[in-house]
Structure formats: structure tokens, C-alpha cells
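Engineer:
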Amino acid sequence: MFSRLLRTLGSKVDDSPKEDSATASPDDSFNHYTDTVDTIKQLKREQRHDEAESLLLWCIEQTEQEDAGNPAPWYYKHLAIVYRKENRYEDEVQVIKRYLNNASSPREDLQKRLHRAKELAENKESG
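Throughout the sequence shown, residue numbering follows full-length UniProt numbering, covering 1 to 127 in sequence.
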């Protein structure tokens with residue numbers, strides 16, 4: 001899926017074998033989760049939220065495996081943004097909670113975002 005996605009976006013795909021299959025991305029399209037940032041930004045710009053969600057979830061799994069206690073917050077935040085744009089407030093709450101549960105020093109901006117996402121989720125339920 002990700003190889004096709006990259007071809008669609010005009011990126012080159014490295015089809016060479018990867019040395020560490022534990023860190024290989026789906027379809028081996030990315031060497032490391034940090035290689036996905038530009039693709040994620042483009043998917044979001046194009047409102048291809050399903051594809052952005054899949055890629056962001058893969059990145060979140062990778063950052064949690066690589067650095068337990070200090071996951072990269074960017075991926076959680078951008079998945080939360082995708083969920084908010086889709087009015088998926090409960091999913092937004094869950095992904096932020098996932099970050100807060102895994103981070104030894106959680107970022108304040110994501111704590112604030114969690115509070116707002118909970119408000120939106122409650123309003124959606126009561127409305």
C-alpha cells in the first residue's frame with residue numbers, strides 16, 4: 001500500500017532489501033518513521049485522512065518501540081489533528097491518552113488538546 005502511495009505522490013521507492021526488518025515499514029517504503037513526515041503532511045493537505053491515519057499509526061508503533069518512555073509527540077499530535085478534522089473526537093481522546101500514558105514527560109500542548117477533545121466528545125454525545 002505504501003509503495004503505491006509513494007508512487008502516487010511522486011516519491012522514489014527504495015526496493016533494496018532492508019537490513020533490520022523490525023524497523024521496516026509496511027511495504028518497506030520507509031527506512032525509519034522519521035522519513036514519513038513530508039508524506040504525512042502531503043496526505044493531510046490532500047485530505048487523504050485514511051492513508052494519513054494508517055501511516056501515523058505505524059509511526060506511533062515505531063516510536064513507542066524505539067524509545068519507550070519518550071515517544072515522538074509529533075505523530076500523536078498529527079493523528080489527533082486528523083481525527084478532529086473528521087469529527088472523531090473519541091479517537092482523538094484515545095490517541096492523546098496513548099501518548100500521555102507512554103511519555104515520561106508529557107507535553108503540555110497535548111494535555112490541553114486532550115481537555116478540548118474531551119469537551120468536543122461530550123458535546124457530540126449530548127447534541
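Just so it is clear, CB atoms sit at the ideal spot from N, CA and C, and this is done for glycine as well. Predicted model, so just to flag it, every value in this text is computed and none were measured.
What span of residues does the alpha helix (DSSP H) with Arg116 cover, start to end?
Structural biologist: 108–126
Engineer: Hey, out of Asp67, Ser126, Lys124, Asn87, whose CA is closest to Tyr99's CA?
Structural biologist: The shortest C-alpha separation from Tyr99 is found at Asp67.
Engineer: So what's Ala68 in DSSP terms, helix, strand or just coil?
Structural biologist: In the structure shown, Ala68 falls within a coil segment according to DSSP collapsed to helix, strand and coil.
Engineer: Measuring only the C-alpha atoms, how far is Gly127 from Gln62?
Structural biologist: Distance between the alpha carbons of Gly127 and Gln62: 37 Å.
Engineer: Is the beta carbon of Ile40 closer than 8 Å to that of Ala52?
Structural biologist: yes
Engineer: What would DSSP say about Glu19, mapped onto helix, strand or coil?
Structural biologist: In this predicted model, Glu19 has a pLDDT of only 39, less than 50, meaning its place in the structure is not dependable; the value taken from the coordinates is given anyway. Three-state DSSP puts Glu19 in coil, outside helix and strand.
Engineer: Where do the ends of the alpha helix (DSSP H) carrying Tyr33 lie?
Structural biologist: Element bounds for Tyr33: n/a, residue is neither H nor E.
Engineer: Here's the rule: buried if 16 or more other CB atoms are within 10 angstroms of the residue's CB, otherwise exposed. What is Arg45?
Structural biologist: exposed
Engineer: Please name the residue, chosen from Trp58, Glu90, Ser104, that lies closest to Asn31 on a Cα-to-Cα basis.
Structural biologist: Trp58
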